[in-house]
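Following: one structure in structure tokens, then a few remarks.
There are 4 protein chains.
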Amino acid sequence: MENIQKQIQDITLHATEHDLQLLEQLLKSFQLWKSGNNTTFISSLLQMERKISDDDCEITIPISPLLYNTLHIVHGGMTATLLDTAMGVLANSLVPEGYGAVTTQLNINYIAAGIGEHMVCTAKMEHKGSKTLVLSAEIHRSDGVKIAIGTGSFLVIEKKNIG
Amino acid sequence: MENIQKQIQDITLHATEHDLQLLEQLLKSFQLWKSGNNTTFISSLLQMERKISDDDCEITIPISPLLYNTLHIVHGGMTATLLDTAMGVLANSLVPEGYGAVTTQLNINYIAAGIGEHMVCTAKMEHKGSKTLVLSAEIHRSDGVKIAIGTGSFLVIEKKNIG
Amino acid sequence: MENIQKQIQDITLHATEHDLQLLEQLLKSFQLWKSGNNTTFISSLLQMERKISDDDCEITIPISPLLYNTLHIVHGGMTATLLDTAMGVLANSLVPEGYGAVTTQLNINYIAAGIGEHMVCTAKMEHKGSKTLVLSAEIHRSDGVKIAIGTGSFLVIEKKNIG
Amino acid sequence: MENIQKQIQDITLHATEHDLQLLEQLLKSFQLWKSGNNTTFISSLLQMERKISDDDCEITIPISPLLYNTLHIVHGGMTATLLDTAMGVLANSLVPEGYGAVTTQLNINYIAAGIGEHMVCTAKMEHKGSKTLVLSAEIHRSDGVKIAIGTGSFLVIEKKNIG
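For the protein sequence lines, the chains are A, B, C and D, in the order given. Quick note on numbering: the first sequence equals residues 1 to 163 in full-length UniProt numbering. Quick note on numbering: the second sequence equals residues 1 to 163 in full-length UniProt numbering. Quick note on numbering: the third sequence equals residues 1 to 163 in full-length UniProt numbering. Quick note on numbering: the fourth sequence equals residues 1 to 163 in full-length UniProt numbering.
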């Protein structure tokens, strides 16, 4: 606790208003994760909002400086995380009780820079086999420009065998 | 500031010792990022340690619950982030002054679960053209097991045109 | 010429009716190629029939034992050839006069076995930049089952610089 | 038979010496395939020569105009066929008796033009699981230049379930 108070003091000493907003957002991610409202810290950090139907999964995230690469656009790894999550959520919703779907392969084509207010990823099923699933997804930014497309392979395995 | 103090109180009220360690780590990532020691928040969050030579780039990260997916193994998106960063750092070290290399495509095969103490990603150059670069990378975990391999395409562009 | 007549004799000596049909088909591919009706021997061999519009390119091929792998289903390399050709034809139709589009990357997910009477590949544009193009394609077989999906990256280059 | 003789006459009427050599090569592919010396027509057409060990598989093919695309370099689909075959041969050598390995995903980065006398593809195992295999491969041309790299995913299935 002392360390944490010291860290907060250190950060806030030189912080701009914008820095403090980002810190608040970061702490909120931690709170959400620990409260169990979001399933992973990453999902909380990216402030993922999910809509899932039988056929597709849509995840929206706001674009925050916490997700930037050195060029101040969304880091390709964060785009990959969004794609993998949207496909993974849909894949896991489609396997039988007691089974999970783990990503075995992911391919992404980056098309345009991740800038603007938010990004929306839509994943859909391409193939549902008993052992493997194939999904595709695409991401658009708030001005409507498509910024990435991807495909993923998933292996269906019994949950007790995962990890 | 008031919000932040309230958030800290709220978090620490029900926190275990382990939770507090993770919070400290998270705040340290923020500090590092703001101090400019690491180039992005993501790199700080993943606690990336880089070694770069003419031919390859090696990045090591500790495995933390902050990187977990719902199965309590490293999130595939974090593995993708590590691969993309190691390849991107090497690619950017190889283009002429005033130019940058942006990822246009990333393919990953996930081989084994991301568990254990840390992960090491090694990227190497496969092709260096004047317009495009191709790199490959692989990730091993601390027990020596290879957990992912990947390839990436990069487009060489003038820095003033990026973003 | 003597060699060729000897080869024909040797082949036809032990040939079944079906073998002779395949030989006829093969010779027809060679004739078509040499007559310039098809642009490449491969296109002739696969008996590609193209329909191209502003937005997509559709190529249909009959399934022949000449395209089989050791399991007597269409060889994955032939499926890749069909995908690459459909995307490449569309890409090349979209670049300015004097420019060509060369494949720099191809990713394919194989979903179901290539069997039945024919395969239809439909390619569409995902991104048209001045330097790079991204396309996607999918292949269905005659019974309507989707057997593969793929994406491709293309680099736009001046024709005089190709090869 | 009459058709075939007519086709041969038609082809040889306007054929150059080089055309006749290609026709001989084509007929030789058909002979080899039918004699059962090569496992598929495609392997015969590409004149594949295989060396396989416990750890890798090397396939060499001569570059022939039969493999050209419209730019008179090796068709990307033929490069894909070579990669898929080298990986597939190795994969199938590594699964238990009664099982086969089918390609579920293939990713290729094309690096340089396929020109010169021949191409050599070397495939190696990256991961051998009980259900899935991951392999990688690279292709060099006769002047030593690397022209493509690729990775492939394979699913292990009982032979009676294939096709």
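In this text, a Cβ means the ideal position worked out from N, Cα and C, and glycines have one as well. These numbers were taken from a predicted model, which means no experiment stands behind them.
Check	Outcome
Amino acids of chain B, ordered along the chain, whose beta-carbon sits closer than 7 Å to that of Asn107 (chain C)	Asn107
Between the CA atoms of Gly77 (chain D) and Leu20 (chain C) - distance to the nearest angstrom	27 Å
Rounded distance between the beta-carbons of Leu135 (chain A) and residue 180 (chain A), thought under 8 Å	Only positions 1 to 163 of chain A appear in this structure, which leaves residue 180 (chain A) out of reach.
Coarse secondary structure for His72 (chain A), derived from DSSP in three states	coil
Endpoints, beta strand (DSSP E) assigned at Thr151 (chain B)	Lys146 to Glu158
Neighbour list for Gln9 (chain A) in chain B, Cβ cutoff strictly below 8 Å	Result: empty, since nearest Cβ-Cβ is about 10 Å, beyond 8 Å.
Residue-level contact to chain A via CB, Gln25 (chain B), 8 Å cutoff	no
Near the ligand FAD: Cys121 (chain C) beta-carbon under 7 Å from a heavy atom	Looking for the ligand FAD in the displayed structure turns up nothing, as the structure carries no ligands at all.
Contact residues within the stretch 80-109 of chain B, judged by C-beta distance below 7 Å to chain C	Thr104, Gln105 and Asn107
Reference Asn109 (chain B); option with closest CA among A:Thr103, A:Ala113 and A:Ala123	A:Thr103
Minimum Cβ-Cβ distance from Ser43 (chain D) to chain A less than 8 Å	no
Cutoff 8 Å; reference Phe154 (chain D); Cβ partners in own chain excluding five residues on either side	Met87, Gly88, Ala91, Ala101, Val102, Thr103, Thr104, Thr132, Leu133, Val134 and Leu135
Rounded C-alpha distance that separates Leu23 (chain A) from Leu22 (chain B)	15 Å
Rounded Cβ spacing between Thr151 (chain C) and Thr151 (chain A) (contact assumed at less than 8 Å)	7 Å
For Ser136 (chain D), the first and last residue of its enclosing beta strand (DSSP E)	Thr132 to Arg141
Near-chain A residues of the stretch 56-74 of chain C (beta-carbon distance less than 8 Å), N- to C-terminal order	none
Span of the alpha helix (DSSP H) around Asp10 (chain B)	Glu2 to Leu13
Proximity of Leu66 (chain A) and Ile139 (chain A) at Cβ, strictly below 8 Å	no
Interface residues of chain A facing Ser153 (chain D) [CB-CB closer than 7 Å]	Thr104, Gln105 and Ser153
Beta-carbon proximity list for Ile73 (chain A), same chain, < 8 Å, skipping 5 on both sides	Ala113, Gly114 and Ile115
Span separating the alpha-carbon of Asp56 (chain D) from that of Glu49 (chain D)	14 Å
Residues of its chain near His75 (chain C), where Cβ-Cβ distance is below 7 Å and the 5 sequence neighbours each way are ignored	Leu67, Tyr68 and Asn69
Of the listed residues B:Thr79, B:Leu27, B:Ile147 and B:Ser93, nearest to Glu126 (chain D) (C-alpha basis)	B:Ile147
CB contact check: Lys131 (chain D) to chain A, cutoff 8 Å	yes
Cβ shell of Ile52 (chain D) (< 8 Å), same chain only, five flanking positions each side left out	Glu58, Val89, Leu90 and Ser93
Rounded Cβ spacing between Ile8 (chain A) and Ile157 (chain B) (contact assumed at less than 8 Å)	Their Cβ separation, rounded to whole angstroms, is 40 Å, which puts Ile8 (chain A) and Ile157 (chain B) out of contact at 8 Å.
Length of the line joining the Cα atoms of Ile130 (chain C) and Leu27 (chain B)	The residue asked about is misnamed: residue 130 (chain C) is Ser in this sequence, not Ile. Computed Cα separation, rounded: 43 Å.
Cβ-Cβ distance between His14 (chain D) and Thr60 (chain D) below 8 Å	no
Sequence-distant residues of its chain with Cβ nearer than 7 Å to Ser29 (chain D) (five each side left out)	Phe41, Ser44 and Leu45
Nearest candidate by alpha-carbon position, reference residue 175 (chain C), set C:Thr79, C:Glu17, C:Gly36 and C:Lys6	Nothing can be reported for residue 175 (chain C), as the shown portion of chain C is limited to 1 through 163.
Assigned secondary structure, Leu46 (chain B) (DSSP; H/G/I helix, E/B strand, else coil)	coil
Beta carbon of Lys34 (chain A) nearer than 8 Å to that of Ile63 (chain B)	no
Given Val95 (chain B) as reference, the closest of B:Asp54, B:Ile111, B:Asp84 and B:Leu71 once Cα atoms are compared	B:Asp54
CB contact below 8 Å: Ser136 (chain A) versus chain C	yes
Residue from A:Val145, A:Lys159, A:Gln31 and A:Leu71 with nearest C-alpha to Glu97 (chain A)	A:Lys159
Any chain D beta carbon closer than 8 Å to Lys34 (chain C)	yes
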